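Visitor: Okay, here's the structure, questions in a sec.
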Amino acid sequence: ELHEIQESNDNSINQFFLIVMGVLVMFMQSGFAFLEAGSVRQKNVVNILIKNILDCLKGAIIWWACGFAFAYGDLDIPSAANKFIGHKYFFTQGWEDFENFHANWFFQYVFAATAATIVSGAVAERTQFGSYVIYSTFITGFVYPVVAHWAWSGTGWLTSSPIPSFRRKVFDCESLSYKFDDDDVIAFADFAGSAVVHCTGGIAALMGAFFLGPRVGKYERVGGKRVSKQLAGHSVPLAALGGFILFVGFMAFNGGSALAIVSSGEIVDNGQAVASAIMNTLVGGASGAVFCLGLSILVPVIKGEDHYWSLLTTINGGLGGMASLCAGCNDMTTGAAFGIGGIAGMTVYWVGNALDRIGIDDPIDAFAVHFGGGVCGILLAPLFANFGIARQPSCGVQKDAFGEVWAACNVAEPVDMELFECDYYAYKQFAWNLIGLIVITLWSGSLVGGVFAVLKATKLLRVEEEIEIRGLDIKKHGEPGYPLAAQGHGWEERSSS
Amino acid sequence: ELHEIQESNDNSINQFFLIVMGVLVMFMQSGFAFLEAGSVRQKNVVNILIKNILDCLKGAIIWWACGFAFAYGDLDIPSAANKFIGHKYFFTQGWEDFENFHANWFFQYVFAATAATIVSGAVAERTQFGSYVIYSTFITGFVYPVVAHWAWSGTGWLTSSPIPSFRRKVFDCESLSYKFDDDDVIAFADFAGSAVVHCTGGIAALMGAFFLGPRVGKYERVGGKRVSKQLAGHSVPLAALGGFILFVGFMAFNGGSALAIVSSGEIVDNGQAVASAIMNTLVGGASGAVFCLGLSILVPVIKGEDHYWSLLTTINGGLGGMASLCAGCNDMTTGAAFGIGGIAGMTVYWVGNALDRIGIDDPIDAFAVHFGGGVCGILLAPLFANFGIARQPSCGVQKDAFGEVWAACNVAEPVDMELFECDYYAYKQFAWNLIGLIVITLWSGSLVGGVFAVLKATKLLRVEEEIEIRGLDIKKHGEPGYPLAAQGHGWEERSSS
Amino acid sequence: ELHEIQESNDNSINQFFLIVMGVLVMFMQSGFAFLEAGSVRQKNVVNILIKNILDCLKGAIIWWACGFAFAYGDLDIPSAANKFIGHKYFFTQGWEDFENFHANWFFQYVFAATAATIVSGAVAERTQFGSYVIYSTFITGFVYPVVAHWAWSGTGWLTSSPIPSFRRKVFDCESLSYKFDDDDVIAFADFAGSAVVHCTGGIAALMGAFFLGPRVGKYERVGGKRVSKQLAGHSVPLAALGGFILFVGFMAFNGGSALAIVSSGEIVDNGQAVASAIMNTLVGGASGAVFCLGLSILVPVIKGEDHYWSLLTTINGGLGGMASLCAGCNDMTTGAAFGIGGIAGMTVYWVGNALDRIGIDDPIDAFAVHFGGGVCGILLAPLFANFGIARQPSCGVQKDAFGEVWAACNVAEPVDMELFECDYYAYKQFAWNLIGLIVITLWSGSLVGGVFAVLKATKLLRVEEEIEIRGLDIKKHGEPGYPLAAQGHGWEERSSS
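Protein chains in written order, with the working numbering: chain A, 25 to 521; chain B, 25 to 521; chain C, 25 to 521.
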């Protein structure tokens, strides 16, 4: 009886953990909102804010209606599970047997909302409201949930690689030969969503920016050459507010992905798992910010151009660094986190510039930050994390240790080194992460790209040019961000320098 | 010994829960502050912010001095409890025996602060600072605490209905007749404060707006007809910031109202209670936002007028939806939450417009959101929650089941259907919630209205017309919100389109 | 086994507690950022924001590299501990045996970041970016960690006073004379950092403001007399946002300093410790705000000058009050907290004005708030806390009770009152806190002052006058805070009054 009460309490504590972390991640929605709001021109600030608020609110309804069902809708009978898509719990029907349903629903919801809201920045200042409703609903309700099902439901195809050799190789003493261990199948390693959330959101952002085309005035042809003009956002402080909220929220995003803080029935130091994920995310994000800022100083210095300590570059580098830590922050040294975050930060700088050079207008560098950072994470974790190639015994080391393996079998000496085979487990983990990344990118890119293409073909995608030039807020939302009549006052102010 | 340590730890975890939820709810104070700050004109932004900050800080002193005492000041000796008002623990004197006093004090404080701060938006841009101090102190220190005592202290008159028949009716096998079960008395069902917090704050807001009268320039007489002019606030982004913070904070407001996360001595899935309250609040709020926005589009479309996707309408609808979920979010299906929230969202739109039509100037629709949303919650929960009329067995169903009741008594057949009486428990719950709502509204409205009336009669209520027209910030606070001399810089900016 | 699982879970819950509190304290970084951003002129807002973001991010790298090592780098072998400075765990090397390393690292990091970021406000609008990087790195990486080692590592010299008589005096029945109890040595009482964090940050802020000198235009000579001009910040709402976030974050700053929420092996009501720290911090902060605001009204009223209800004064008073509660909020009555906070609030007002009168330009009163508040806390706690002079038995009371002490020894009557000696334990606690405060102030002030002096001598400290006058943002960061080209829109707005 006491023991059952304890188990029930442990269960409640885990729900408490999911709720607190979930609320902090939900707050990231306002982080995205204000990073984007500060990065658009004043004439479109209401437009970007209402999209972000609806991503958060409308997204909850869609996640309730079908998103959660597609993602996690077959957990009760694993044997009957579909590897591609969930198919139960629409509108929470029939979920009675699902343990901690509400807390899990909420925590997974905030991740789904994140994937959708990444796109809004890339398509800012020129998208029809109706188009936004369609693509955003489609991502939250179908594209993202399917990816989450593959990687995180426990029954998706990415969870256990179907490739026969993508298993741990163990030496079998009976047959004196190597066998693959069916209990140690390689799973897609994406702890908190470098690929599931950030690459999905990032590639969708790219599709949006590509099909919409650049904002009026962004590129000019000067002597046959494309010249990019800076269309600065209207408020760096608002953008910085968003950045701060996102940095803080990322602690919960990656820390909460441990999904539990206590454990009944066995000793698991969940607290340490959560805390190390947070420490690595923080150091990796810091490294991303510093290296991104550093590169943005170094490049112009080398070119002999003016250089600036840009706040927005710092923020984007930090966010890219944190996005890169999602994949493996739970299982790497802080030094590895520092390295991966730094590479991600430089990647953000490079991808952002490259995209601009080829004429794709992504107003807040959503693709560079989320896809760039995400790709770094999903591919560098299998290199440098504790399970990664650089930390695993090399073929030579394995060979040197084969004598012990042989001895453990208690068969006659001498060791038959002819029988030795190298285990490339860590390399296969890398390959499986690469395969997953490619499939997720193709899935999300083609589906979201398709929707944008259809919207473009039907002329529903982009606002009329006059409205784009003069601003969306007043015409579409009836609300200027800062109404003229509400400014100023009737007094003389004390002057100062 | 181990068991006692465990109980002590469980107790600490519950305090941890109250603290974390309380801190998140405390953050809602800045949500109200910025929703209001963005919704007033620039000339009054400092005025509204200092009121909100003082509501939060000064309120803590008042809650310590007497608020908590009036609300919860007789918990140690229930038999000596006063059904109307608490009377101990002034300045925390004598509270030593009150378990988890500090954590409970803090969590209840953030609710009291919320009730008071709701009013500041409705009376914005025209109230004397002294008047504000008086009404705000009165609400936090007396009006709200008494209501909280009635409904939430466990010893108040609303907790157990004194009406003899407002009990569960059970069939008594000895007398072969129905009796009322004294252990199942109907209690006011207001889990997180649809009535206690939101109706109290909302009706107080109405009283303020009514006695103050509209702002200069709000209404004009054109040909004998009142024409309402829009006095837009100065910053939609600030208002949106407030809205975001409130949405996130509402998760803790309603989730934290479970008051505990673990339980010693019996199995209670507190985690599920908290998480389902949060999920329902989120979906209900989202529904409120969508239906409020939808109605605000539908009405002008039907009338053939221009329609706009208004951000502020969306936010108010969402807040109204969440306020409506306070009453029963802990005990309803998500479908019911969706329905109740949606009705609340439409109510917000309708009440806000109605108030404007009759010439009451509530700058941020505080009455519509909080009273409108709160009334929907307190009356719709007894209809659609799990304990509600729509989910209880109807009279016919009860009659059909009377045979089983009869059989359970082990008396001779046949069933004497003449003895059957229908139980209208769910209807009585509705009636008791309605009675509570009426009394709370009368209490809060008349007391706060009285204070405003006295302030008006003594000419202390409203600032001089010149100060109102030219703005309160410089004259009253010596601080323009955005000092002119601090704007601008001395460089030429790179131009863009 | 079950017991071990329970201990592991308790451990995880404590890490959960540290993580949640740490994330909320980390959010305070944006509180400082926006309080400062609103308090500088528009032309320097990006400059102050990037400094605050880098304090938060870069600080994590430095804390990982060496800060944590200097502060807590000898915890595994207390006998080999260095009383002055830690010397292990650089880049987290060798920390495997350190329990809950990651969670502790994170929680201590947010405090280190706070100490550094306090300075940025005092040196705002005129400091070279390179100078900022140097002093900020120095504080986070060396100055603050050493102070933390002294007071908080458990092995530092402040933890147990080396002065022989700074122990509890107990009557020894064998020798019939008083002895000092070696198990009850006086420790520096600074629960959450009134001195460790706030005095360190505050004195460093003063050094910066002193060596930099006032901003251009701050002081004018009129007839040989220095006249202070107000260089108001550009946005009170941004500053208020910062203030709100700091108030909320302070709940976690002081509450989290209990460092644990559950306890294995003994009954400790950690929850109560945390909750009472929070309640006291809140009431003390509120008192600080009210008394600071009150004094700022009272003084001009007495002088017959105009008076204003200033929001920024209210915020600074509240912050000073909360900083003063850090020292003893865990162990005092709420009445004592109210008194200490109120004194701190008045101190903030007085110190801020005094500094301005002697011509030191601290744009956000960082010294007044943090050093002023901190000193009040570290010296008033030993007066009014539960362990303080005012709450301890006086010499006379001790004398009256000497008969009982005598009787407890079971020796022959009559009581030999000649043997009575008074115990001045509480006075010694005060003295030890005073000594600690002086040493911390000298250490932090001289080191940081030295760095600023060297930077000044090498002309690296301050930006060129033209850049200061015209603003740092465009020249140094390439980003105006509110780009002109991004303002406005192309529509006519509906007018209102």
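All residues carry an ideal CB built from backbone N, CA and C; glycine is no exception.
As the structure is a prediction and not an experimental result, all values here were calculated from the model.
1. Three-state secondary structure (DSSP) at residue 494 (chain C)?
2. Go ahead and pull the three-state DSSP assignment for residue 303 (chain A).
3. Tell me the DSSP secondary structure of residue 204 (chain C) in three-state form.
4. Go ahead and label residue 484 (chain A) buried or exposed: buried means 16 or more other beta carbons lie within 10 angstroms of its beta carbon, across all protein chains shown.
5. Along the chain, which unbroken stretches of the alpha helix (DSSP H) at least 4 residues long are found entirely within the region 277-363 of chain B?
6. For residue 73 (chain C), which residues in chain E fall below 8 Å Cβ to Cβ?
7. Below 8 Å, how does it come out for the region 322-334 of chain C and the region 381-391 of chain C: are there three or more Cβ pairs, yes or no?
8. When burial is assigned at 16 or more other CB atoms within 10 Å of the CB, is residue 16 (chain B) buried or exposed?
9. Indicate the three-state DSSP secondary structure (helix, strand or coil) for residue 183 (chain A) in the structure shown.
10. Scan the region 274-307 of chain C for residues whose Cβ lies nearer than 8 Å to a Cβ of chain B and list them as they occur along the chain.
11. Name, please, each residue of chain C whose Cβ falls closer than 8 Å to the Cβ of residue 497 (chain A).
12. Between the region 54-68 of chain A and chain B, which residues of the former have CB atoms less than 8 Å from a CB of the latter, in chain order?
13. Would you mind sorting residue 501 (chain A) into buried or exposed? The rule is 16 or more other CB atoms within 10 Å of its CB.
14. Against residue 510 (chain A), what residues of chain B qualify as contacts under a CB-to-CB distance less than 9 Å, listed in chain order?
15. Name the one or two DSSP bridge partners that residue 252 (chain A) has.
16. Report yes or no: is there a C-beta of chain B within less than 8 Å of the C-beta of residue 368 (chain C)?
17. List, in chain order, every chain C residue whose beta-carbon is nearer than 8 Å to that of residue 41 (chain A).
18. If we define contact as Cβ-Cβ less than 8 Å, is residue 356 (chain A) a contact residue for chain B?
19. Are the Cβ atoms of residue 111 (chain A) and residue 91 (chain A) separated by less than 8 Å?
20. Once DSSP output is grouped into helix, strand and coil, what is the label at residue 194 (chain B)?
21. Nearest chain C C-beta to residue 426 (chain A) closer than 8 Å, yes or no?
22. Could you tell me which chain A residues have their CB closer than 8 Å to the CB of residue 315 (chain B), listed as they occur along the chain?
23. How many angstroms separate the CA atom of residue 89 (chain C) from the CA atom of residue 410 (chain C)?
24. What does DSSP give as the partner residues of residue 116 (chain B) in its beta bridges?
25. Anyone know if the C-beta pair for residue 173 (chain A) and residue 95 (chain A) falls short of 8 Å?
26. By the 9 Å beta-carbon criterion, what residues does the region 173-200 of chain A contribute toward chain C?
27. Which residues in the same chain have their Cβ closer than 8 Å to the Cβ of residue 72 (chain B), if we skip the five residues on either side of it in sequence?
28. Quick one: which chain C residues come within Cβ less than 7 Å of residue 507 (chain B)?
29. Within 8 Å (strictly less), CB to CB, does residue 35 (chain B) reach chain A?
30. Which residues does DSSP list as the beta-bridge partners of residue 486 (chain C)?
31. Helix, strand or coil for residue 47 (chain B)? Go by DSSP, reduced to three states.
32. Across which residues does DSSP place residue 421 (chain C) in a beta bridge pair?
33. Check each candidate in C:83, C:243 and C:348 and name the one with the smallest Cα separation from residue 214 (chain C).
34. Considering only their Cβ atoms, is the gap separating residue 285 (chain C) from residue 285 (chain A) smaller than 8 Å?
35. Residues of chain A with CB under 8 Å from residue 124 (chain C), in chain order?
36. Using a Cβ-Cβ cut-off of less than 8 Å, give me the residues of the region 318-352 of chain B that come near chain A, in sequence order.
Guide: Quick look at the numbers:
1. helix
2. helix
3. strand
4. exposed
5. 294-327 and 335-349
6. Reference to chain E is not applicable here, since the protein chains of this structure are A, B and C.
7. no
8. Any question about residue 16 (chain B) goes unanswered here, given that chain B covers just 25 to 521.
9. coil
10. 275, 276, 279, 285, 286, 287, 288, 289, 290, 291, 292, 293, 294, 295, 296, 298, 299, 300, 302, 303, 306 and 307
11. 513
12. 54, 57, 58 and 61
13. buried
14. 64, 65, 66, 67, 255, 256, 257, 258 and 259
15. A:243
16. no
17. 40
18. no
19. no
20. strand
21. no
22. The contacting residues do not exist; residue 315 (chain B) stays about 11 Å from chain A at best.
23. 39 Å
24. BP columns for residue 116 (chain B) are empty, so no partner.
25. yes
26. none
27. 57, 60, 61, 64, 144, 145, 148 and 149
28. 256 and 258
29. no
30. C:151
31. helix
32. Residue 421 (chain C) is not bridged to any residue.
33. C:348
34. no
35. 295, 296 and 299
36. 330, 332, 333, 334, 335, 336, 338, 339 and 342
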